[in-house]
Each structure stands twice: as structure tokens, then as C-alpha cells.
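Participant: Numbered by our numbering, the letters in the sequence shown go through residues -10 to 407 in order.
Glycine included, each C-beta is placed from N, C-alpha and C at the ideal position.
Nothing here was measured: the structure is a model prediction, and the numbers come from that model.
One structure coming up, written as C-alpha cells, with questions to follow.
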Amino acid sequence: MGVFVIDGGIPLKGSVRISGAKNAILPSLAACLLTEGKNVLKDVPDLEDVHTMCDLLTSLGADIDFRPQEKEITIDTTNITVHTATYDLVNTMRASFLVMGPLLARKGMAKVSLPGGCAIGSRPVDLHLKGFSSLGATINTGHGYVEAKVKDKLSGARIYLDFPSVGATENILMAAVLAKGQTTIENAATEPEIIDLATMLVSMGANVSGAGTDTIRVIGTDKLYPVEHSIIPDRIEAGTYMIAAAMTGGDVFLENVMPDHLKPVTAKLREAGVEISEELTSIHIRNSRHLKAVDIKTHPHPGFPTDMQAQMTSFLCHAEGTSMIVETIFENRFMHVSELKRMGARIKIDGRTAIIEGGVPFMGAQVRATDLRAGAALILAGLCAKDRTEISDIYHIDRGYEKMEEKLRALGARIKRT
Ligand code: UD1
């Protein structure tokens, strides 16, 4: 499984290219199921989650050619012969559930394993299913699977999401593009990854408007066509490197970023004293010497992203003063805290709130990555600890950060995988 060994205390310096977004490539891969033929996705990150989604599409009958060196995948969806996504593939990655909408739209049926309970919370799929049901599908659950069927074609509907779920918005959107008539998704998620998916669907020939606002309108079409599509940069990877640069007192250029997608993170880091300058597609972090406490509450986009909460916890341990973080999206997303405490952090948890006493130096320790972003938080702590940190269970980190140790080493960090 591997361990990251970090000898911290080195200010990061240089430039790092941000990879294509994990949370954009996964729905884009699922969306290829809506067409028959060869789709090409560009700026694809070489991540474990991408390999899992490719395995899933292959199991459905797609022919996949992933060329990580070129950052490209060709997905030939001419022969989608299977409509079941099995437990082993869905269980390892919740985003696998995103094949349900496209399969249902294309094949009129889909059987997908219910995603298992995830470490960061219960993460149900009720909103996805309510949406499919509104579009005219019959839903049955049993033996750990959800089966959705529609007699003829899905029919457009007006769907109000009780919560702006990213996955439910994407799944329902992908089902609606081949439905008869008009669908409106209200209280839709507005994340940049939703806009990226809608952009891809529109190039396939879909009629989608309003993506990026809380009301998405779709007029269903009979057929969609294969496309070439480039994935947007990963705002969470970028945010993680911004924090790494700030915490180590470094001087780092981030290339291939969309500063607009990072507004909530940039605003909080600036409030904490980080010096950030932005160009059209790059960000420069430097002179982060007197970092101070800030309070954070996670929210759906454009609020502060829950996927940056763990990394921000490490950051605030390092900043001077007492900070408060409130996690509103997932009910069990403070698992990094007990590991950070092993490194000397002073944090108290009260329900969904973490109170952080900052300015206490991290000490190297043996710690465990409990999930993807928790793992990133431990790397950040390890980078500024004065001595050696060993992080185990790093497969979580490989799910969502492309070649993290190579990128950090290129910035001067002493990190190796053993
Ligand atoms: C996506 C991201 C994940 C991010 C999350 C929130 C991908 C592949 N993953 O996950 O990195 O942390 O958005 O920004 O894009 N919920 C329900 N019922 C549902 C669906 C969701 O109650 O049917 C709840 C969840 O339990 C959670 C909240 O809604 O509390 C947000 O979940 P959602 O936005 O759906 O996250 P994901 O799409 O799973």
C-alpha cells in the first residue's frame, strides 16, 4: 500500500502544474455512455478513481484507451451491452453511481450497487432516485442494488432538490438530456464541475441552460454524439498546493488554475495573511509569514468547499490564534483531527465544530490517512513539521492527487514513497 515519509521544514519553491479535476473527469466519463462512438477526454489526471471509473465503463462494454502520458482517454461506447454496475466497483468509489442516469437514459434500465457507507458520512442517494422517479423511472431496491427501469423513454419533469447535491444534479442532468420534453432542476448544485459537465453535454448536442445557477433547464433530444472535451483544472488540488506553499513560508506559482473557482479558498487564505496574486490561469503564493486565525464554515458552492476543510484544519493549527471550523456538508468529516493531534495539534471537536488552538508547531509522527482529504491534511502538517512524519494508507491520497510526491519534490519537499 505504501507509506509517505516526509522530512519537513523546507519552504516550497518553484512552480507546479495543476492536473485536470477529479470531480469533473468522473462525471464526464459517465456522460460518454450517452453517446455511441469514440469520445476523447483531454487533460485527464492519472488517478486511482479514474482507473476505477474506466474499469466500470469497461465492465459495461465500453472500449477504453487511457494514455496517461498524453493525459488523454478515448472511450468507445458503441457496444454498451451490460446495464449493471457491480458492488466491487461501486463500493470502492461512490462516484460510480453516476453511471445510473446515463445508463437509464440510453438503455431504459440500470442496475447499480448501492454505494457503501463512506468514511466521511452516510451519503445516501435518495435525491438521485427521487429525480429518476420524477422522470418516469420505476425504482426498486433489494440485495444491495438499485434497479431503475422505464417502459419507453424518460419524460421531462420539474425536480426540486431538497439539498443542492453535486452527484444528484449530475446524475439527473445526464438522465434528462435524452428524456422527452423539458426538465427543470431547481436548487441544483452550482459547482464548476457541473458547468464543465453541462458544457460537455452541450457539445454532444444536448440542450442545457442555466448550469452554474440553481436552476438548470434541459430540453431532451433523441440522440447525442461523441465529443472531444478538455477537463477543467482541479480547484481542490490547487487549494491544497496554495496551503502547502503558505504553511511552509514558500514561494510557489500554480499553473493551469482557474482563480475564479478558488474564490472562497483565496478569500480565507488572504484573510489569514497569505499573499496571493492571480493571473488569468495562474496563482502566485509568497511571503506567508504572519499567519493568523480565521473562522470557516463549509457550504455548497460558492461557499467554502468541504473538500478543503481538512487541509484548512492543518493550516489553522499552524496560524496564530484560535480558529473555528464548522462542517455543514458531511456529518463525520473530522477524522483527520485525531491524526493531527498525534502530531501535536490542539483541536477540540464539539459536534460539527472544530476549535483549533493555532501556533503550536507540528511534531513528526506515524499517522494514517483515513480518507482522501484527511490524507492531504497530514501531508501539509508533515511538510512543516521539523522532523520525520510517516503517513500510511496513502492509497486514499492516490485516489485524488496526481503524482503528489513528485510534484512536491519538484518544489523542494523531502517526501518519498516507501
Ligand atoms: C461530491 C464530490 C465530493 C464533495 C461533495 C460535496 C464528486 C465525485 N465528489 O460528492 O468530493 O465532497 O460533492 O461538495 O464530485 N445527500 C443526500 N442525498 C443524496 C445525495 C446527497 O442526503 O441523494 C447529502 C450527502 O449525504 C451530503 C450532501 O448531500 O451530506 C452533499 O453530497 P453531494 O453533494 O451529493 O456529494 P457527492 O456528489 O457525493
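#1: In three-state terms, what does DSSP make of Asn176?
#2: Identify whether Ala146 lies in helix, strand or coil by the three-state DSSP scheme.
#3: Given Lys405, which residues of its chain have a CB within under 6 Å of its CB, disregarding the five upstream and five downstream residues?
#4: Give the secondary structure of Ile336 by DSSP, where H, G and I count as helix, E and B as strand, and everything else as coil.
#5: Gly106: buried (16+ other C-beta within 10 angstroms of its C-beta) or exposed?
#6: Once you ignore the five residues that flank Gly194 on each side, which residues in its own chain have a CB closer than 8 Å to its CB?
#7: Give a single yes or no on whether Ser154 has its beta carbon closer than 6 Å to a heavy atom of the ligand UD1.
#8: Would DSSP call Gly389 helix, strand or coil?
#9: By the three-class DSSP mapping on this structure, what secondary structure does Gly401 have?
#10: Let me make sure I understand the geometry here. Which of Ala374, Ala256 and Lys100 has the alpha-carbon closest to that of His132?
#11: Please report the Cβ distance between His117 and Lys96, rounded to the nearest whole angstrom; I am assuming they are in contact, meaning their Cβ atoms lie under 8 Å.
#12: State the Cα-Cα distance for the pair Thr270 and Asp44, rounded to the nearest angstrom.
#13: Any heavy atom of the ligand UD1 closer than 6 Å to the beta-carbon of Leu116?
#14: Can you give the beta carbon distance from Thr378 to Gly(-3), rounded, assuming they're within the 8 Å contact cut?
#15: Need the endpoints of the alpha helix (DSSP H) that Leu259 sits in, please.
#16: What would DSSP say about Ala343, mapped onto helix, strand or coil?
#17: Between the alpha carbons of Met324 and Thr67, how many angstroms are there, rounded?
#18: Go ahead and pull the three-state DSSP assignment for Glu268.
#19: Tell me where the alpha helix (DSSP H) around His117 begins and ends.
#20: Can you check DSSP and say which residues form a bridge with Leu243?
#21: Can you find a heavy atom of the ligand UD1 that lies under 6 Å from the Cβ of Arg112?
#22: Taking 6 Å as the cut-off, is the beta-carbon of Ile318 closer than that to any non-hydrogen atom of the ligand UD1?
#23: Using a Cβ-Cβ cutoff of less than 7 Å, which residues in the same chain neighbour Gly389 once the five nearest sequence positions on both sides are dropped?
#24: Measuring only the C-alpha atoms, how far is Gly401 from Pro0?
#25: For Ile184, which three-state DSSP category applies?
#26: Considering only their Cβ atoms, is the gap separating Leu251 from Gly262 smaller than 7 Å?
#27: If you run the structure through DSSP and keep just helix, strand and coil, what is Val29?
#28: Which residues in the same chain have their Cβ closer than 8 Å to the Cβ of Arg403, if we skip the five residues on either side of it in sequence?
Facilitator: Result, derived from the coordinates:
#1: coil
#2: coil
#3: Val(-6)
#4: strand
#5: Reliability fails at Gly106, whose pLDDT of 48 lies under 50, so the model's placement of it is uncertain and the value that follows must be treated cautiously. It is exposed - the Cβ of Gly106 has fewer than 16 other Cβ atoms within 10 Å.
#6: Thr210, Lys212, Leu213 and Tyr214
#7: yes
#8: helix
#9: coil
#10: Lys100
#11: Not a contact, Cβ separation roughly 17 Å.
#12: 32 Å
#13: yes
#14: 6 Å
#15: Contrary to the premise, residue 259 reads as Arg rather than Leu in this sequence. Looking at the DSSP string, the run of the alpha helix (DSSP H) that includes Arg259 is Lys252 to Glu260.
#16: strand
#17: 43 Å
#18: coil
#19: Asp115 to Ser123
#20: Val5 and Ile272
#21: yes
#22: yes
#23: Lys11, Leu36, Asp38 and Leu361
#24: 8 Å
#25: helix
#26: no
#27: strand
#28: Ile(-5), Asp(-4), Gly(-3) and Ile(-1)
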